[in-house]
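First residue of the sequence shown? That's 2 in our numbering, and the numbers climb one at a time after it.
Okay, so here's the structure we're looking at.
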Amino acid sequence: MPLASPYLAPSDPWSDAHLLHALEEVVARELDRHLGVAKEWMPHEYVPWSDGRNFDGVLGGEAWQPEQSKVSEIGRISLVVNLLTEDNLPSYHHEIATLFGRDGAWGTWVHRWTAEEGRHAIVMRDYLLASRAVDPCELERFRMQHMSAGFEHDHRHSMLHSVAYVAFQELATRVSHRNTGRESGDPVCERMLARIAADENLHMVFYRNLLAASLAIAPDPALVAVRDVVVGFRMPGHGMPGFERAAARIALGGIYNLRIHHDDVLLPVLRHLKVLELGGLGPEGLRAQEELGLFMGGLNDQAGRFDERREALLARRRARA
Ligand SMILES: [Fe+2]
Ligand SMILES: [Fe+2]
């Protein structure tokens, strides 16, 4: 693993360049640990190829029809959102390569992570097309629209904010894939998404450990970054066509909603890092910690109100059925 740092430590102790330099050894160690636990897997093994047949158009096969899909309606909506999110990998690569650099341990991680993420869109698209789970023309048009718009995350100018964002975002993606698989109604789909979710979990662990090191090296700016990211968190798919409507369905379907975001994404990371109990903070860090605590309390209340509305709506639907 390359340990010689390409970064020179400048005078500002909290500048991105200084933090990149200070964290490089941690990145090298985490990269070694990641490579030790990440298992090779083959996307082609997860695709039911023998279910596939030619489509209409150039090869004169059979046109797609909704009844060909084995996946539930909510599963189809969520699979499209999750695949379009994975499809925007060139934009994510650009973001982290710009902030983390392409040299040394940071660069090795950036490229390795990109290669692992590339598998996710490959296996999902192959599965969706071979099994005729979703409309292939709509999927391709959405992909063109979504990728043509590109993606920039909300805190892209700060390295600490980026580390904090990806720590939560990788876990959010894991939870979203896992729950989509569970709700899909197709065991082949569920197995494929569980495999992807296992990758996302390792990515989360990498960034969470990096965030832990950031909190130790630079507690005040790291806490400010965590507060900003948690308070303003948006999923990377927020710019895609029809996202608001799809997100509402996904929330109601129990795949990803406020309750899941609070209980299964934000809280586990905050607890693991002991962010709300961290001592030795200056005034800025203390204020961020206090605001974060208040925000989490408010979010829990909001999630409670969402749970009640969802339960009432589902009860009405059950009664109608
Ligand atoms: Fe992914
Ligand atoms: Fe990931």
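Glycine included, each C-beta is placed from N, C-alpha and C at the ideal position.
All values reported here derive from a predicted model rather than from experimental measurement.
Beta-carbon proximity check, Ser132 vs Val189, cutoff 8 Å: yes
Continuous alpha helix (DSSP H) stretch holding Pro284: start and end: Pro284 to Arg321
Distance between Arg34 and Met2 (C-alpha atoms, nearest Å): Unreliable placement is indicated for Met2, whose pLDDT of 35 sits below 50; the coordinate value is still reported in the next sentence. So the alpha carbons of these two residues sit roughly 11 Å apart.
Extent of the continuous alpha helix (DSSP H) to which Ile251 belongs: Phe244 to Leu253
Residues bridged to Phe56 [DSSP beta-bridge criterion]: Glu63
Asn55 to Leu129 span [Cα, whole Å]: 13 Å
Contact check, Leu211 vs Glu31, beta carbons under 8 Å: yes
Closer than 7 Å: His121 CB and nearest ligand 1 heavy atom: yes
Endpoints, alpha helix (DSSP H) assigned at Met236: Premise fails: Met236 is in no alpha helix (DSSP H) and is neither H nor E.
Nearest neighbour of Val48, chosen from Ala289, His121 and Trp15 [CA to CA]: His121
Candidates Met145, Trp107 and Met43: closest to His22 by CA position: Trp107
Beta-carbon spacing of Ala198, Arg175 below 8 Å: yes
Nearest-angstrom Cα separation, counted from His162 out to Ala10: Any reading at Ala10 must be qualified, since the residue scores a pLDDT of 43, below 50, and its modelled position is unreliable; the value itself is stated next. Their Cα atoms are separated by approximately 20 Å.
heavy atom of ligand 2 below 7 Å from Glu26 C-beta: no
Helix, strand or coil at Met160 according to DSSP, with G and I counted as helix: helix
Contact belief for Val230 with Ala289 at Cβ below 8 Å, rounded distance in angstroms: Actually they do not touch by this definition, with Cβ atoms about 11 Å apart.
beta-carbon Ile197 near ligand 1 non-hydrogen atom, thresh 7 Å: yes
Buried or exposed by the 16-neighbour rule on C-beta atoms within 10 Å, applied to Ser149: exposed
Range covered by the alpha helix (DSSP H) that runs through Met148: Pro137 to Ala150
Contact set, ligand 2 heavy atom to C-beta under 5 Å: Glu171, Glu201 and His204
C-beta atoms of His239 and Ala304 nearer than 8 Å: no
Whole-Å CB distance - Phe234 paired with Phe152, under 8 Å assumed: That pair is no contact at about 15 Å.
His1 burial status per 10 Å Cβ neighbour count (16 or more: buried): In the structure as shown, the chain begins at 2 and stops at 322. Residue 1 is therefore absent and cannot be evaluated.
Classification of Pro220 by the beta-carbon crowding that lies within 10 angstroms, buried from 16 upward: buried
Status (buried if at least 16 other CB within 10 Å, exposed otherwise) for Glu291: exposed
First and last residue of the uninterrupted alpha helix (DSSP H) at Ser92: Leu90 to Phe101
Closer than 7 Å: Thr109 CB and nearest ligand 1 heavy atom: no
Distance cut-off 7 Å: Thr99 Cβ against heavy atoms of ligand 1: no
Local Cβ density within 10 Å of Arg318, reported as buried at 16 or more and exposed below that: exposed
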